[in-house]
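Numbering (our numbering), first residue to last: 16 to 701.
Glycine is no exception: its CB is placed at the ideal position from the N, C-alpha and C atoms.
Scroll down for the structure; my scribbles are underneath it.
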């Protein structure tokens, strides 16, 4: 069964600060809050920022969690049970407002003139969402009613999911974890309770405050008087300083002069396309000033620069459009987005997209549809400081293609992936980006048919992917994942993943995962009913025998395991995992084991320090052949320096934890008892 770190708590906290989930934070008495506001609690991925120094994106965002603020609402969570509101919340807790006037009050730790609030609203009884207002206020300086909606939230049922909470099973002929059966083979046919598997609850809204608020100012988010919303959940707020709109370059093609409408009333698609054609002729950029521009189909870009006044000011938006006949690629819809030409048509190159937002209205997942924010093949191209919301995938690139860069951007509220380097993408980079609330892998490289090579994911922040993984690598050669911060994956995946699956080409060369931090990962795999690792390496279609180096990673507060090496049961005697090295790793808090080995093969461990281990250091099941004479089919190689640093170390004491397990001792407990770890804390310097 899924386990919760604790049962969800619903405590009405009139004028007090909810218990912080970071080390050292304390509640503030109501009497203090009535005279002067308590200090704000600044976090990153809902932990003390010092625990992720030099990891994750730096975008000028100052994160504050609602559960750490002053509220008279109800604290929900903490809980990690899938299909619940707390499980999808940042830090796995949030605040529910269910009456007009209830609020969450934040105290600024730095000056701000803008915020982004992550929230959830209920769905309507028949699906399709509800809309309403939240009040954002700060004394006499700010008083705004902000539109919010759950139209683009709330999915249900089995893949590829539905918006209908009352739908029967989409695939009654599939095995179902809830009954441990194939529903259509039961008499009568098994039908789970409805709504079945609700998820993807949250959304976010950006708000320009219209004034500069100083550090120490309070900002309240509340349900306004006369609200028609039954409730609203406030999860996390990012405060920031948004610069004034950028000025137009001296030499450019002006989109408005070409007929684009910044009011959003008229369709601007043809005008933007005309501006692109003229800019290419003249060899100058397209300038799109502040405004909202309605776009009704993909805009094809090649050898052109498109610049806006900033992602808060220049916004391309549009509704999903049904095509009269399906496109050659199978799409039945189109919508707002910028696309390179397909690789089959030669692809595009020398494209620069910068300083604007793409906001779609995709509310369902149709995998054949190309309704992504950015797509196609884009070689020698850069996307910089772009905000992408409510498309199917933020950036889906189909190669072969080379030398693409996604930089300093924000991708949120997606139906599927945040970014996917798909099929023959080489020498490409995603760096210093935020991905939140994706409906599938937030960052993926998929070497489908043609291998990917020499690609890097660097210094990105990933929060709350509602399905699958934070960062997933499916095959490829010479791949680097470095300096990322990944928090709160929900189900059917974890924070970091290497997978030989989905028809991917083999892993080859050097696969390097360095200096990444995961937080509250390693959850329950619902279909297998076993605990995952914060990092999990999976062999399904091939053995994994590239040179895999995991170095300097920190795995914090893992629900089950820190590291899981696993081969699919159907291939357990055929596939292996070799040449994996784990070096200079810190593990602070695991519900069960530091290492869960469920494969044949071997791995080397050097200077792996662990503390707050729930069960025991190594759960070595190998290939489950139980050869008590020769030992496990998996060998843990002791490279030295592996130790524990608390009363619950890897082994029997704060010494080399592998001595009792090497080289291949069977120590298998298929489903060990979970002991929830304490919150992570700074690691003492040597």
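Partner residues in the beta bridge of residue 120, as assigned by DSSP, are 85 and 235.
Pairing residue 472 with residue 527, the inter-Cα distance amounts to about 11 Å. Secondary structure within the stretch 227-298: the beta strand (DSSP E) runs of 3 or more consecutive residues, fully enclosed, are 233-237 and 247-255 (chain order). An exposed status is given to residue 229, since fewer than 16 other beta-carbon atoms sit within 10 Å of its beta-carbon. The distance from the Cβ of residue 316 to that of residue 363 is about 6 Å, consistent with a contact at the 8 Å cut-off. Residue burial annotation: residue 520 is buried, with at least 16 other C-beta atoms found within 10 angstroms of its C-beta. Around the CB of residue 160, fewer than 16 other CB atoms lie within 10 Å, so the residue is classed as exposed. With respect to residue 468, residue 486 sits apart: the two C-beta atoms are not nearer than 8 Å.
Shown here for residue 504: same chain residues with a beta carbon closer than 7 Å to its own, the five before and five after excluded, namely 480, 484, 485, 510, 536 and 538 in chain order. Proximity to residue 224 across 393, 267, 154 and 679 peaks at 154, based on C-alpha coordinates. Taking residue 87 as reference, the option from 525, 596, 414 and 109 with the minimal CA-CA separation is 109.
For residue 481, no pairing in a beta bridge is given by DSSP. Burial state of residue 693 is exposed, judged by a 10 Å Cβ sphere holding fewer than 16 other Cβ atoms.
For the pair residue 239 and residue 119, the Cα-to-Cα distance works out to about 12 Å. Classified as buried, residue 587 has 16 or more neighbouring CB atoms from the shown chains inside 10 Å of its CB. Straight-line spacing of the CA atoms in residue 384 and residue 431 works out to 11 Å.
Beta bridge pairing from DSSP links residue 309 with 282 and 332. Around the beta-carbon of residue 304, 16 or more other beta-carbon atoms lie within 10 Å, marking it buried. When the five nearest sequence neighbours on each side are left out, the beta carbons in the same chain lying within less than 8 Å of the beta carbon of residue 336 are those of 311, 312, 348, 349 and 350, in order along the chain. Taking residue 179 as reference, the option from 156, 139, 615 and 197 with the minimal CA-CA separation is 139. DSSP places residue 359 outside any beta strand (DSSP E), giving it a letter other than H or E. Pairing residue 391 with residue 356, the inter-Cα distance amounts to about 6 Å. Bounds of the beta strand (DSSP E) holding residue 500 are 500-502. Three or more Cβ pairs closer than 8 Å define a contact, and the stretch 177-192 falls short of that threshold against the stretch 261-271.
Across the structure, residue 73 and residue 401 are spaced so that their CA atoms are roughly 15 Å apart.
Excluding sequence positions up to five before and after residue 167, its CB lies within less than 8 Å of the CB of 144, 218, 376, 377, 378, 405 and 428, all in the same chain and listed in chain order.
Residue burial annotation: residue 571 is buried, with at least 16 other C-beta atoms found within 10 angstroms of its C-beta.
When the beta-carbon positions are compared, residue 507 and residue 540 come within less than 8 Å of each other.
The beta carbon of residue 253 lies closer than 6 Å to those of 76, 78 and 131 in the same chain, with the five residues before and after it left out. With a beta-carbon spacing of about 6 Å, residue 247 and residue 149 fall inside the 8 Å limit used to define contacts. If you look at residue 570, you'll find it in the beta strand (DSSP E) that goes 569-573.
For residue 512, the pairing in a beta bridge is given by DSSP as 487 and 551. Look at residue 379 here: in three-state DSSP terms it is coil, with no helix or strand label. Distance check between residue 204 and each of 196, 568 and 65 places 196 closest, using alpha-carbon atoms only. Burial is judged here by how many other beta carbons sit within 10 angstroms of a residue's own beta carbon; residue 644 has fewer than 16 and is exposed. Annotated as proximal: residue 439 and residue 465, with beta-carbon spacing under 8 Å.
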